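Participant: Pasting a structure here, questions to come.
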């Protein structure tokens with residue numbers, strides 16, 4: 024069985040209540056195509072990464088990702104399995120850039136290639152959120168919206184949350200340091216524990232895809248987050 028490159032973040036790995044992954048550039052797969060075709064080509068590798076961390080058979084919920092600030096809520100674990108389907112069910116939330124849930128045994132996913140995947144974990148409730156936040160989404164406060172939704176829907180306390188930022192594009196390769204703004208917004212809403220990978224995707228093309236550097240014809244990293252049903 025092939026081993027595809029991915030990474031995990033120490034701050035999240037230390038939390039037994041959740042499972043997570045952030046995939047990296049997959050060697051040997053041609054990705055100079057439109058997004059839909061690219062995701063088809065990367066699908067097998069992404070599925071293997073899901074299996075590697077123990078969530079291969081979990082339902083997968085993703086966001087359409089329109090660079091907005093709307094947040095979807097997963098309030099039931101199974102979006103509906105098609106009769107005879109060999110793979111776990113999946114659902115994409117239209118018009119959304121973030122997803123929150125307190126359901127166990129479901130995977131939240133966002134795809135990025137310069138934008139930031141923001142992982143939000145509330146250990147106490149427990150509840151989680153996963154957000155796609157680039158320049159536009161950050162300006163619109165998409166991460167703040169996700170935290171507010173978790174507070175209102177689940178009773179989460181921002182002061183008890185952990186926020187983790189993935190690798191994303193940063194100055195000098197991009198004119199706006201939106202990662203720093205995500206950190207500022209998270210802190211302003213009351214989050215005390217914030218971790219930033221501080222890695223620039225455009226600086227490390229051997230490990231990551233970069234939409235800007237590769238002029239829009241590139242792959243996507245898949246960020247995944249789920250609540251462990253065994254705890």
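Numbering (the working numbering), first residue to last: 24 to 254. Here a beta-carbon is modelled for each residue, glycine too, at the ideal position from N, C-alpha and C. Values in this document were obtained by computation on a predicted structure and should not be read as measured data.
(1) Thinking C-beta only, is residue 206 closer than 9 Å to residue 143?
(2) Does the Cβ of residue 93 have 16 or more other Cβ atoms within 10 Å, making it buried, or fewer, making it exposed?
(3) Could you give the distance in angstroms between the alpha-carbon of residue 129 and the alpha-carbon of residue 137?
(4) Among 154, 253, 160, which one has its Cα closest to the Cα of residue 4?
(5) To the nearest angstrom, report how far apart residue 212 and residue 32 are at their CA atoms.
(6) Between which residues of its own chain and residue 63 is the CB-CB distance below 8 Å, once the five residues before and five after are set aside?
(7) Would you kindly check if the distance between the Cβ of residue 54 and the Cβ of residue 44 is under 9 Å?
(8) Could you give the distance in angstroms between the alpha-carbon of residue 174 and the alpha-carbon of residue 180?
(9) Quick one: grab the DSSP three-state call for residue 220.
(10) Does DSSP put residue 241 in a helix, in a strand, or in coil?
(11) Mind checking which residues open and close the beta strand (DSSP E) that includes residue 155?
(12) Under the rule that 16 or more other beta-carbon atoms within 10 Å means buried, what is residue 36, buried or exposed?
(13) Would you list the residues sitting across from residue 85 in a DSSP beta bridge?
(14) If you reduce the DSSP assignment to three classes, tell me which class residue 163 lands in.
Facilitator: Based on what the coordinates show:
(1) no
(2) buried
(3) 25 Å
(4) In the structure as shown, the chain starts at 24 and stops at 254, and residue 4 therefore has no counterpart that could be examined.
(5) 23 Å
(6) none
(7) no
(8) 6 Å
(9) coil
(10) It is coil, neither helix nor strand.
(11) Going by DSSP, residue 155 is part of the beta strand (DSSP E) stretching over 150-156.
(12) Exposed, because fewer than 16 other Cβ atoms sit within 10 Å of the Cβ of residue 36.
(13) 115, 132
(14) coil
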